[in-house]
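Chemist: Before anything else, here's the structure in question.
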Amino acid sequence: MIQKQLSYLLVNDILAKDVEDPRGSGLQLLSKGHRLTPKDISLLIKYEITTVHVEEEEKKISDAIIHQVHNLWSNINQEFNESYIENLNQVKQLFNSVALNEDNSSIDQVLSNFAPVLEGALNRSYLLHVLHKIRGFDDYTYRHCLNVSLLSGVIGKLLGLSLDEITELSQAGLLHDIGKMKISNDIINKQGRLTNDEYNRIQFHTTYGYEVLQGMAIPTKIQTAALAHHERLDGSGYPLGLKGDEIPYYAQIIAIADTYDAICSDRVYHKKESPYIAIEELNKGIYNGHFNPQVVLTFTHFLISGYVGYPVLLNNGKRAKIMLIHTDEPQRPLLLLDGEYIDLRKKRELHIKDIIL
Ligand SMILES: [Fe+2]
């Protein structure tokens, strides 16, 4: 057993000891052997419990991955770039054939050619750097789908999914927005605010995508991910207003990769933001009940780990350097500021405004 600081990263861990009301009422809140849910964590936070004992083997972010992350961006690989571009062109062709209602028999070809790109993304640590560089505005939908696919695969790996599941999840990411091909380009690329009617029409891309994919011989999980990737845990999403576990797990992961990539990409209506702004948005998504906390914290820990040693700009206008990432609040790391170590978890009045790249 191991004593761990309470955080949403403990979701799915198994309690190694009973948890009792620390105020001494004698009330047993949770019992030994219980698998923690996000609701349990919220309950324990309410009781101001700061640590719990969990079974040790339930480790989610392996040391190997953390090590890999530390080497992030050290090495740009031409071969990966080339297969990425090639795959991008295939995705483009597939999506265009959907737009023209052509026979979609090329799907198998696209998915099988996609395997080496995914493998490259999972095995090499510079993925995020490459994605950040190539996130231009041209061909946004295709590029976005390929990025979401690769990011979903990385998240799946961090969450400890099997290789088959990671591949399926990445394929679901690749096809999640395919329904956009059934929506007029004038709406998709409109500059400025959408009218209510246009916004409603865009929302149909989830249902259209589901219908298109139902016509293809691909796993149901990929079809339902396209349908449910705009659902939110609190029921505020679309098209069905599903809540919590009603939302398929792949869709919960893709929603997070989707949001991250959208914020970090140039669009008709906004310039791309720094990854740090995206990390902040994802964390807000935990507190407003939109995103799965375990997935967000695992992913943001991974993202921020890539910035250890980088200079950051704080809200007080000062520059500091990221020294260490905490698992419970990855967006509030240990910093070196004017020769002194500052733990942002304890200095709540300070926050990182941006990473200086
Ligand atoms: Fe979408």
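Position 226 of the sequence shown, counting from 1, maps to 226 under our numbering, and the rest follow consecutively. Yeah, the Cβ is synthetic: ideal placement off N, Cα and C, and Gly gets one too.
1) Please state whether the Cβ-Cβ distance between Leu161 and Leu169 is less than 8 Å.
2) Name the two residues that bound the continuous beta strand (DSSP E) containing Thr51.
3) Relative to the C-alpha of Ser7, which residue among Asp328, Ser236, Phe291, Lys346 is closest?
4) What are the boundary residues of the beta strand (DSSP E) that includes Asp354?
5) Report back the beta-carbon spacing between Leu146 and Ile178 to the nearest angstrom; my notes put them in contact at under 8 Å.
6) Below 6 Å CB to CB, which residues in the same chain sit around Gly235 once its five sequence neighbours on both sides are set aside?
7) Once you ignore the five residues that flank Leu282 on each side, which residues in its own chain have a CB closer than 8 Å to its CB?
8) Report all residues from its chain with a CB closer than 8 Å to the CB of Asp63; omit the five preceding and five following residues, and keep chain order.
9) From Phe302 to Asp186, what does the alpha carbon distance come to, in whole angstroms?
10) Would Pro330 be called buried (16 or more neighbouring beta carbons within 10 Å of its own) or exposed?
11) Any contact between the segment 41-49 and the segment 18-32? By contact I mean 3 or more CB pairs, one from each, below 8 Å.
12) For Gln223, which residues from the same chain have a beta carbon less than 7 Å from its beta carbon, with the 5 sequence-adjacent residues on both sides left out?
13) Does the distance from the C-beta atom of Ile263 to that of Ile277 stay below 8 Å?
14) Going by beta-carbon coordinates alone, are Tyr250 and Gln203 separated by less than 8 Å?
15) DSSP puts Leu334 in a beta bridge; with which residues?
16) Hey, which unbroken runs of the alpha helix (DSSP H) at 4 residues or more fall wholly within the segment 286-311?
17) Would you mind sorting Ala115 into buried or exposed? The rule is 16 or more other CB atoms within 10 Å of its CB.
18) Taking buried to mean at least 16 other C-beta atoms within 10 Å of its own C-beta, is Tyr358 buried or exposed?
19) Hey, quick one: how far does the beta strand (DSSP E) through Lys4 stretch, first residue to last?
Modeler: With the structure as the only source:
1) yes
2) 51-54
3) Asp328
4) 352-355
5) At roughly 12 Å, the Cβ-Cβ gap does not stay under 8 Å, so Leu146 and Ile178 are not in contact.
6) Gly241, Lys243
7) Ile256, Thr259, Tyr260, Phe291, Val296, Phe299, Thr300
8) A caution first: Asp63 carries a pLDDT of 42, below 50, which makes its placement in the model unreliable, though a value can still be read off. Closer than 8 Å at Cβ, skipping near neighbours: no residue.
9) 37 Å
10) buried
11) yes
12) Tyr210, Leu213, Gln214
13) yes
14) no
15) Leu324, Asp343
16) 293-305
17) exposed
18) Residue 358 is absent from the model: the chain starts at 1 and stops at 357.
19) 2-5
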